[in-house]
Amino acid sequence: MALVLIGLIGPRAGLAQATATDAFTVEGVVVDRTAASAAAARAQALDEGRILAFRKLMERLVPADAGPPPSLDSASIDGLIRDFSISSEKVSGVRYIGTLSYTFHVQPVRDLLRNAGLPFTETVSRPRLILPVYRAGEEWRLWDDPNPWREAWITAPRNDGLVPLVVPLGELDDIAAIDADQAVSGDAARLGALAERYGTAGAVVVQARMSGGGEGAARSAQITINRYDDGPGEQTSILQYDAREAESEAALLARAVQGVADRLQEPWKRANRIDFSTISRITVIAEIGSFDEWLTIQRRLAAVPTVQRAELRYLARERAVVDLHFGGDESSLALALEQRDLSLYQDGFDWRLGLFGGAAVPVAPVVAE
Numbered sequence: 001m002a003l004v005l006i007g008l009i010g011p012r013a014g015l016a017q018a019t020a021t022d023a024f025t026v027e028g029v030v031v032d033r034t035a036a037s038a039a040a041a042r043a044q045a046l047d048e049g050r051i052l053a054f055r056k057l058m059e060r061l062v063p064a065d066a067g068p069p070p071s072l073d074s075a076s077i078d079g080l081i082r083d084f085s086i087s088s089e090k091v092s093g094v095r096y097i098g099t100l101s102y103t104f105h106v107q108p109v110r111d112l113l114r115n116a117g118l119p120f121t122e123t124v125s126r127p128r129l130i131l132p133v134y135r136a137g138e139e140w141r142l143w144d145d146p147n148p149w150r151e152a153w154i155t156a157p158r159n160d161g162l163v164p165l166v167v168p169l170g171e172l173d174d175i176a177a178i179d180a181d182q183a184v185s186g187d188a189a190r191l192g193a194l195a196e197r198y199g200t201a202g203a204v205v206v207q208a209r210m211s212g213g214g215e216g217a218a219r220s221a222q223i224t225i226n227r228y229d230d231g232p233g234e235q236t237s238i239l240q241y242d243a244r245e246a247e248s249e250a251a252l253l254a255r256a257v258q259g260v261a262d263r264l265q266e267p268w269k270r271a272n273r274i275d276f277s278t279i280s281r282i283t284v285i286a287e288i289g290s291f292d293e294w295l296t297i298q299r300r301l302a303a304v305p306t307v308q309r310a311e312l313r314y315l316a317r318e319r320a321v322v323d324l325h326f327g328g329d330e331s332s333l334a335l336a337l338e339q340r341d342l343s344l345y346q347d348g349f350d351w352r353l354g355l356f357g358g359a360a361v362p363v364a365p366v367v368a369e
């Protein structure tokens, strides 16, 4: 089955298994500078690129309601950058245009935010399936052309977030799975089946209605977001976008795409914010079927940003007892673990840890010595 990982969130494979390092990589930074010489223009562009990349990183990690992120100059930001690459560049005698990617050092950025007293998150969510439905006259359109709303999602520029968004290509299997009316009515069975086939954690139906204006003129766009998942935030919300002066319908819808994506990112960041001013500890019991299963749990724990360290207290053939030291509370820890296919739940006075799909049969508590 073919799918599109929309450019807005970044077309990279395996996003559901993204690591903390991915959260600190900013791609698709576009710079364009003119100066007295090509060398001067390039130097200015790289300075600008560092600042833009850092700003995007802060927007990604820090919830909008957490307060302003640190403001650093290009030289200070340079010390936080692990490496960078140039995807494309054009150079003339006085002008430099480039598309750049930056990877930041994880721990120094964490320390910067902690010292600033800002909560942040670096937990990457499982993807969500986006179904863009467009109101054309008296009918809804999903797969049929023209659907400028769906086109806006497919062609959206890159602006990576922690909630990857997937747009299906609309092949025969997709068309047979659900139509526009079924998506608008919220057919849970069909939406759930399509989301499962694409390996996403749920579906989001985004409806666009245009109003006002004349033929070919920009109008107003009313966007209704209906989420069919168990993630944080409102399940239904309505956004209104009015056309700016001389703004085309395509540009208006492109702006609406960015607004919807931001709307889907913020609840995730707030729900998974890490406050390292208070470090908590819980003891968990992991039921394991083999030593390889325990190694898998260890690897997944190491990829959870919330977990500062995991101390093994007891290991036997069928179980392990581990102390988890983490920032935040138990509910945010459970949500972060879930993104790594680990389950955390309370069984009486005990906390249980296991692999999704694994056998986590409650047993008598273990007292570790």
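Residue numbers (this note's numbering): 1 to 369. Glycine is no exception: its CB is placed at the ideal position from the N, C-alpha and C atoms.
On the three-state DSSP scale, how would you describe residue i?
i: residue 154; result: helix
i: residue 104; result: strand
i: residue 258; result: helix
i: residue 356; result: coil
i: residue 21; result: Here the model assigns residue 21 a pLDDT of 47, short of 50, so the residue's position is not dependable, and the following value carries that caveat. Residue state, collapsed to three classes: helix.
i: residue 351; result: strand
i: residue 244; result: coil
i: residue 47; result: helix
i: residue 69; result: coil
i: residue 266; result: helix
i: residue 239; result: strand
i: residue 208; result: strand
i: residue 55; result: helix
i: residue 219; result: coil
i: residue 37; result: coil
i: residue 110; result: helix
i: residue 80; result: coil
i: residue 60; result: helix
i: residue 42; result: helix
Taking 8 angstroms as the cut-off, decide whether the C-beta atoms of residue i and residue j are in contact.
i: residue 130; j: residue 26; result: no
i: residue 167; j: residue 128; result: no
i: residue 344; j: residue 337; result: yes
i: residue 211; j: residue 272; result: no
i: residue 133; j: residue 184; result: yes
i: residue 160; j: residue 60; result: yes
Report, in whole angstroms, the separation of the C-beta atoms of residue i and residue j, which I expect to be a contact under 8 angstroms.
i: residue 162; j: residue 121; result: 7 angstroms
i: residue 64; j: residue 29; result: Their Cβ separation, rounded to whole angstroms, is 21 angstroms, which puts residue 64 and residue 29 out of contact at 8 angstroms.
i: residue 91; j: residue 38; result: 5 angstroms
i: residue 208; j: residue 221; result: 6 angstroms
i: residue 284; j: residue 324; result: 6 angstroms
i: residue 235; j: residue 227; result: 5 angstroms
i: residue 322; j: residue 310; result: 5 angstroms
i: residue 152; j: residue 250; result: 7 angstroms
Tell me, please, whether the CB atom of residue i is closer than 8 angstroms to any CB atom in chain B?
i: residue 353; result: This model lacks chain B altogether; it includes just one protein chain.
Sort out for me which residues DSSP pairs residue i with in a bridge.
i: residue 90; result: 97
i: residue 26; result: 102
i: residue 139; result: 136
i: residue 85; result: 101
i: residue 274; result: 120
i: residue 229; result: 202
i: residue 31; result: 98
i: residue 128; result: 165
Exercise for review: Give, in chain order, every unbroken run of the beta strand (DSSP E) that is at least 3 residues long and sits entirely within the stretch 141 to 205.
Suggested key: 165 to 168
Exercise for review: Within the stretch 281 to 346, note down every full alpha helix (DSSP H) run reaching 4 residues or more, in order along the chain.
Suggested key: 291 to 302, 330 to 338
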